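Number of protein chains: 2
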Amino acid sequence: MRGLHSDTGYLLYRLGLRSGQLFNTFLQESGLRLRHYALLRFLATSEGALQRELSSRLGYDPSAIVGLVDDLEKLGFAERRPSPDDRRSRIVVLTEDGRAFLRDTDEAGLRVTNDLLQPLDPAERDTLHTLLQRLAEAELDA
Amino acid sequence: MRGLHSDTGYLLYRLGLRSGQLFNTFLQESGLRLRHYALLRFLATSEGALQRELSSRLGYDPSAIVGLVDDLEKLGFAERRPSPDDRRSRIVVLTEDGRAFLRDTDEAGLRVTNDLLQPLDPAERDTLHTLLQRLAEAELDA
DNA sequence: CAACAACTATTGACGACAACAATGATTGTC
DNA sequence: GACAATCATTGTTGTCGTCAATAGTTGTTG
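Residue numbers (this note's numbering), protein chains in the order written: chain A, 1016 to 1157; chain B, 1016 to 1157.
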C-alpha cells in the first residue's frame, strides 16, 4: 500500500495550501489577500488588462475578478477604464500607488517564499522552480 | 518588477489548487473527497491512529477530523475504537472494506498524478517528487 | 486528596474561496 | 433586423480553514 507522501499530486496540494497560508499572513497587515496580490503582480507586467484576460490568465472565475478589482479600486491600487473598442469591457490598470505598494512589499514577498523553500539550496530551488513553471505553462494552455 | 510566475511560492499555490481539483473530480464518483482519501491512505500506513495524530500528521484541524471519520464510518471504510490507555481518545482503524477501496482506486489515483505531471519525463518527476518531499518533511516538523 | 491545569473529541460559528447559473448591456453575425 | 455570443456583474451554493466553546478525562501540584 502506497503511503501518503508517495504521491506527488498530494504533496503539491498540501504544499500549495501551506504556501497560500504563508502569503496570506504576510499580506494580512495590508488588508489584501493572495488573490489581490496575484492580480496586482499580473497588472504590473501587462500595463492594463481586460477583466476577461485577468480571469483566463490568473485562472480565477470572472465573478471573482469583479470583487478583487473592487477591493483594489477602493484602496487606490488599480483603476477601471473604459475600453475604446468595446463598451462592454473595462480595462484594469495599475495606479502609481499600486506600483508603490508592490515595490514596498516585494522584499517581504520574497521572504515568504524563502521561508517555504528553506530546506533547499539555491540550485535545488532553481530546479524546483523550473519544473513547476513547466507544469504551470502546460496547465495554462489547457 | 517581478512577474507572477517568477515566484515559486505562488506556483506551488496554483498547482496545488489544480492538483486538488483533479483529485476531487476523480473521487467524485465514490462520494469521497480529497481529505477523506488522504485520511484513508494515512490509516493504511499506520494500522490505527488517534484522531489527534491524524490532525497533526495530516495538517487538518481536529474539528475537521471528526466529520471525516464520521463519513468514513458511515461508508464502512473506518472504525472508531476505544483507546485502552486513555478514555478521552479514540483509535481510528481501517476496515477491510476501506482497504479494498484503496486497492481498487489505487490505479485511478496514479492516473490523476500522471495527468498533472505529463509535461515532465520520469527522471524529472522523480526530481520534483524528492524536492517536494523535502519541503513537506520540513513543514511537518514545524 | 482536592483543586487546578492540560488534553481529547466534539460542536458550532464565521469568513474565505471556488464553481456555477442567471442577468443586462453590448457586440458580431447572418 | 433577428439572433447568438461576449463581457462584466450579481447571486447562490458547497467546501474549506480557522477559531471559540464545551464535556469528559487525565495529569499535576500544593
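From the three backbone atoms N, C-alpha and C, an ideal C-beta is built for every residue, glycine too.
Quick caveat: nothing in here was measured; it's all calculated off a predicted structure.
Nearest to Gly-1113(B) (by Cα), restricted to the options Gly-1024(B), Leu-1055(B) and Leu-1042(B): Leu-1055(B)
DSSP-derived helix/strand/coil call for Leu-1087(A): helix
Where Thr-1040(B) falls, given that 16 or more other Cβ within 10 Å makes a residue buried: exposed
Per DSSP, cross-strand counterpart(s) of Leu-1125(B): Paired residue(s): none; Leu-1125(B) is not in a bridge.
Contact list for Pro-1134(B) against chain A, beta-carbon separation under 8 Å: Residues of chain A passing the Cβ test: Arg-1149, Leu-1150, Glu-1152 and Ala-1153.
Coil, strand or helix - Pro-1097(B) by DSSP: strand
Between the CA atoms of Asp-1100(A) and Val-1081(B) - distance to the nearest angstrom: 55 Å
Best match in Ala-1115(A), Leu-1058(A), Arg-1103(A) and Glu-1122(A) for proximity to Leu-1083(A) [C-alpha to C-alpha]: Per the Cα distances, Leu-1058(A).
Same chain, Cβ closer than 8 Å to Leu-1131(A), five either side skipped, listed in chain order: Leu-1030, Arg-1033, Ser-1034 and Leu-1037
Within-8 Å CB hit, Glu-1139(B) to chain A: yes
Beta strand (DSSP E) segment containing Leu-1109(B), residue limits: 1105-1109
Ala-1153(B) vs Leu-1026(A) beta-carbon contact at 8 Å: no
Residue-chain proximity (Phe-1092(A), chain B), Cβ-Cβ < 8 Å: It does not; no Cβ of chain B falls within 8 Å.
Member of Ser-1061(B), Tyr-1028(B) and Gly-1024(B) whose CA lies at the smallest distance from the CA of Val-1108(B): Ser-1061(B)
Proximity test, Cβ basis, 8 Å: Asp-1022(B) and chain A: yes
Continuous alpha helix (DSSP H) stretch holding Gln-1066(B): start and end: 1066-1073
Cut-off 6 Å between Cβ atoms - residues of its own chain near Gly-1063(B), not counting five sequence neighbours on either side: Ile-1106 and Val-1108, listed in sequence order.
DSSP three-state assignment for Leu-1042(A), whether helix, strand or coil: helix
Residues near Pro-1077(B) by beta carbon distance below 8 Å, same chain, minus five either side: Gln-1066, Arg-1067 and Ser-1070
Spatial neighbours of Ala-1123(B) in its chain, beta-carbon cut-off 7 Å, leaving aside the 5 residues before and after: Residues Phe-1041 of the same chain have their beta carbon placed closer than 7 Å to that of Ala-1123(B), with the five preceding and five following residues left out of the count.
DSSP-derived helix/strand/coil call for Asp-1136(B): coil
CA-to-CA distance, Leu-1143(A) to Leu-1143(B), given in whole angstroms: Straight across, the Cα-Cα distance linking Leu-1143(B) with Leu-1143(A) is about 6 Å.
Reference Ala-1079(B), options Arg-1118(B), Phe-1092(B) and His-1051(B), closest by Cα: His-1051(B)
Cβ pair Gly-1024(B), Val-1127(A) closer than 8 Å: Taking 8 Å as the Cβ cut-off, Gly-1024(B) and Val-1127(A) qualify as a contacting pair.
Continuous alpha helix (DSSP H) stretch holding Leu-1047(B): start and end: Segment: none, Leu-1047(B) is in no alpha helix (DSSP H) and carries neither H nor E.
Residue-chain proximity (Thr-1142(A), chain B), Cβ-Cβ < 8 Å: yes
Proximity test, Cβ basis, 8 Å: Val-1127(B) and chain A: yes
CB contact below 8 Å: Tyr-1025(A) versus chain B: For Tyr-1025(A), the closest Cβ of chain B is nearer than 8 Å.
DSSP three-state assignment for Phe-1092(A), whether helix, strand or coil: coil
Span separating the alpha-carbon of Lys-1089(A) from that of Ala-1053(A): Taking the straight line joining both Cα atoms gives about 17 Å.
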